[in-house]
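Chains D and V are the protein sequences, given in the same order. Heads up, my numbering is the position in the first sequence plus 742, with the first residue counted as 1. Heads up, my numbering is the position in the second sequence plus 2, with the first residue counted as 1. Down below is the structure, laid out as structure tokens.
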Amino acid sequence: DTAVSQTPKYLVTQMGNDKSIKCEQNLGHDTMYWYKQDSKKFLKIMFSYNNKELIINETVPNRFSPKSPDKAHLNLHINSLELGDSAVYFCASSTGWPSAEAFFGQGTRLTVV
Amino acid sequence: TQLLEQSPQFLSIQEGENLTVYCNSSSVFSSLQWYRQEPGEGPVLLVTVVTGGEVKKLKRLTFQFGDARKDSSLHITAAQPGDTGLYLCAFEYSGGGADGLTFGKGTHLIIQP
Chain D
743 DTAVSQTPKY LVTQMGNDKS IKCEQNLGHD TMYWYKQDSK KFLKIMFSYN
793 NKELIINETV PNRFSPKSPD KAHLNLHINS LELGDSAVYF CASSTGWPSA
843 EAFFGQGTRL TVV
Chain V
3 TQLLEQSPQF LSIQEGENLT VYCNSSSVFS SLQWYRQEPG EGPVLLVTVV
53 TGGEVKKLKR LTFQFGDARK DSSLHITAAQ PGDTGLYLCA FEYSGGGADG
103 LTFGKGTHLI IQP
């Protein structure tokens, strides 16, 4: 069974559209994350979330919003997509203690045209 | 300011050779993590180093944490094509996983048969 799964793997959409990426983890972890990897492969945290707290990286536009229906899911919703949003988005989870050793999904390659 | 400097950025060597990649910073870390990312996949945790001077071995991979806990290295002995990938070091600002991980820009490693 895949520990952290995200869908879709590829997403091509037009500017201005709204899209969502889904993520599920079956590891029983308390903390989930969204990371963005740019074209140069630089990986940057966007959000971390557990059942108590959402922590938002201050550089993330408010067009991006995480939504967690339950502990095992953290979906990423993006409004009014822009060309610069094109990247690979990774969902991850961790126990959160003693450190954020993360288990990553396979990524969603988002292309905005 | 890049908190984690990884070098070299790119490395291409022949199968059977040895190599070392570095992760340096002016900051002191409570721990550092190393990940490997293969094309089309998410990063996979290789090791976490916690104690200054610590050496950890994972088959042909040897990880070292600097005495002052500001730097780390990864040495691969007798590299194989399967070692090809993007090697990332990462830390978290605070324990507990709330902040997620901050990554270096990575070392792109290619092992040629």
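Even for Gly, the Cβ is constructed at its ideal location relative to N, Cα and C.
From V:D101, V:Q66, V:F12, pick the residue whose C-alpha is nearest to that of E795 (chain D); which is it?
-> V:D101
Which whole-angstrom value is the C-beta distance of Y857 (chain D) and S810 (chain D), which I expect to be below 8 Å?
-> No information on residue 857 (chain D) is available, as it lies outside the stretch 743 to 855 that chain D covers here.
Look at the Cβ atom of Y37 (chain V), then the Cβ atom of L90 (chain V), and state whether they are nearer than 8 Å.
-> yes
Given a cut-off of 8 Å, decide if Q35 (chain V) and T109 (chain V) are closer than it, judged by their beta-carbon atoms.
-> no
Closest Cβ-Cβ distance between F846 (chain D) and chain V: below 8 Å?
-> yes
Residues that E843 (chain D) contacts on chain V, provided the C-beta gap is smaller than 7 Å | Q35, L47, T50
F93 (chain V) - containing beta strand (DSSP E), residue span | 87-93
Roughly how far, in whole angstroms, is the beta-carbon of L13 (chain V) from the beta-carbon of L111 (chain V), given that I think they are within contact range, below 8 Å?
-> 5 Å
Quick one: Cα of V802 (chain D) to Cα of S828 (chain D), how far?
-> 14 Å
Does DSSP put L76 (chain V) in a helix, in a strand, or in coil?
-> strand
Output the boundary residues of the beta strand (DSSP E) element that contains Q823 (chain D).
-> What sits at residue 823 (chain D) in the sequence shown is Leu, not Gln. First-last for L823 (chain D): undefined, no H or E at that position.
List, in order along the chain, the chain D residues whose C-beta lies closer than 9 Å to that of E43 (chain V)?
-> F846, Q848, G849
Applying the criterion that 16 or more other CB atoms from any shown protein chain within 10 Å of the CB defines a buried residue, is R71 (chain V) buried or exposed?
-> buried
Flag I783 (chain D) as yes if its beta-carbon sits less than 8 Å from any beta-carbon of chain V, otherwise no.
-> Reading the sequence as shown, one finds Lys at residue 783 (chain D) and not Ile. Yes, because at least one Cβ of chain V sits closer than 8 Å to the Cβ of K783 (chain D).
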